[in-house]
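Step one of this worksheet: look at the structure below.
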Amino acid sequence: MNLSVYSEIGKLEKILLHRPGKELENLAPYYLSDLLFDDIPYLYKAQEEHDYFANILKSNGVEIFYLSDLLSETLKNIELKKLFIEEFLSFSEINNSFIYNLLQEYLLSLESKEMVETIIAGIRTDELEVKRNIFSLRVRRADIELPFFLSPMPNLYFQRDPVAIIGKGACINHMKTFARRREVMLMEYVLKYHQSFQDTELYYEKNYPYSIEGGDILILSNKVLAIGVSQRTSPEAIEILAKKFFKEERDTFEKIIAFIIPDNRAYMHLDTIFTMVDYNKFLVHANLRENIDTFIITKEEKAFNFYEEEKSLEDILKEHLNLDHVELIKCGNADVIAAHREQWNDGSNSLAIEPGKVIAYDRNYVTNKELEKAGIDVLTIPSGELSRGRGGPRCASMPLKRRELC
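Going by the working numbering, the sequence shown opens with residue 577, and the numbers climb by one from there.
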């Protein structure tokens with residue numbers, strides 16, 4: 577497959593999703609924060625909502641690829657499956673040799689599809705029979721905070737973050753939190769070993785020392801990226817990408833707009849407060865208009881330079897995207913309560929499927945009305961359960977191919 581994503585709004589042709597599964601049923605109140613959740617979604621309703629989302633995409637001509645299917649196909653090769661299990665257990669920091677061997681033997685006994693579903697759902701400590709009385713295991717069990725040999729990956733339905741498709745290549749991201757770090761390996765193996773993706777160029781790899789997540793990366797044009805310096809993405813990671821694109825001349829990108837966003841959970845990624853919905857229209861959290869520091873990183877003779885940009889957000893976008901006019905559509909209509917309520921429920925996190933046409937959560941009705949007033953076609957999806965994970969339609973998807981803009 578030829579990956580090709582050079583905008584946020586080009587006609588969407590292929591997309592990556594993960595349908596929520598049993599990993600959500602392995603959430604419990606006393607360790608929610610460890611796994612980055614504030615509440616527990618009801619699985620079957622979340623699956624209904626996700627299926628509705630997928631059907632909207634299909635009805636608009638988008639071909640869907642499910643992560644678990646791609647990885648299962650990849651790991652049908654038994655030697656590759658062994659390699660994956662070894663690396664996954666090491667990456668999961670399974671340090672007790674007995675537990676490591678127990679899990680390795682169990683996972684190898686499963687067919688690839690069941691094995692993939694199992695590592696996503698997690699393996700509880702009462703799920704495997706321990707036939708030997710192991711001193712270290714007996715002692716350590718008293719200190720285990722989570723009831724798992726292998727903890728679940730409930731954030732996996734947010735496919736935007738672990739791997740970012742940029743242009744014709746991909747960033748295999750270094751996730752900020754340990755709870756999400758293993759997610760990266762799933763698509764990494766697909767990109768490196770699946771016959772449809774093997775030639776993908778990689779701009780970033782998980783073993784790089786600095787964190788970066790896909791929710792902070794927006795492709796504003798085939799020349800301009802916007803990247804948030806956030807709770808999850810470091811400026812050092814942006815420097816590495818700048819070197820890749822500018823010094824090594826990878827792909828067509830010539831400029832990065834780096835937005836410094838507040839370091840808190842409500843604004844964890846740039847796309848929770850800023851998304852592109854049309855050629856010159858952007859959906860923004862009201863606070864973003866005036867309260868954001870911005871740096872421009874530019875290509876300069878096979879290197880890069882940067883400077884602080886002190887203009888308004890409108891003027892920054894007009895200048896660097898060569899636009900005559902920019903319209904900023906305010907999440908919650910900038911109402912003192914609605915703006916914060918709907919931003920918390922990902923009102924700013926829309927997914928454009930073509931210029932001027934987006935998918936959004938139905939619960940953010942104030943924001944959706946503002947989008948419609950601005951001439952945007954809004955396709956709403958039910959969101960009572962999916963929104964409990966603190967991510968919207970953009971968070972829950974990773975475009976693999978968009979039609980290039982004229």
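Ideal Cβ positions, reconstructed from N, Cα and C, are used throughout, including at glycine. Predicted model only: the values in this text are computed from it and were never measured.
Bridge partners of residue 975 according to DSSP: 591.
Taking all protein chains in view, the Cβ of residue 862 is crowded by 16 or more other Cβ atoms within 10 Å, so the residue is classified as buried.
If you draw a straight line from the Cα of residue 960 to the Cα of residue 851, it is about 22 Å long.
Contact between residue 723 and residue 700 holds: their C-beta atoms lie close to 6 Å from each other, under 8 Å. Ranked by Cα distance from residue 726, the first of 734, 748 and 754 is 754. When beta bridges are read from the DSSP output, residue 880 appears opposite 875. Judged by DSSP secondary structure, residue 852 falls within the beta strand (DSSP E) whose first and last residues are 850-854. Distance from the CA atom of residue 592 to the CA atom of residue 658, rounded to whole angstroms, is 25 Å.
Sixteen is the threshold: when 16 or more other Cβ atoms of the shown chains lie within 10 Å of the Cβ of residue 585, as they do, the residue is buried. Under the 10 Å beta carbon count, residue 654 is surrounded by fewer than 16 other beta carbons and is classified as exposed. As the crow flies, the alpha-carbon of residue 597 is around 13 Å from that of residue 965.
Shortest Cα-Cα distance from residue 741 to any of 751, 767 and 752 involves 767. Nearest to residue 913 by C-alpha distance, out of 933, 943 and 929, is 943.
Under DSSP, the beta-bridge partners assigned to residue 700 are 724.
The three-state secondary structure of residue 740, taken from DSSP, is strand. The beta carbons of residue 922 and residue 969 sit closer together than 9 Å.
Proximity to residue 735 across 789, 688, 824 and 814 peaks at 789, based on C-alpha coordinates. Looking at the backbone, the Cα of residue 883 and that of residue 618 are separated by about 47 Å. Among the bridge pairs identified by DSSP, residue 885 is matched with 870. Taking 3 residues as the shortest admissible run, the region 919-959 contains the following complete beta strand (DSSP E) segments, listed from N- to C-terminal end: 927-930, 933-937 and 953-957. Here the C-alpha atom of residue 632 lies approximately 9 Å from the C-alpha atom of residue 638. Each residue's CA atom was taken as its position, placing residue 813 and residue 649 some 31 Å apart.
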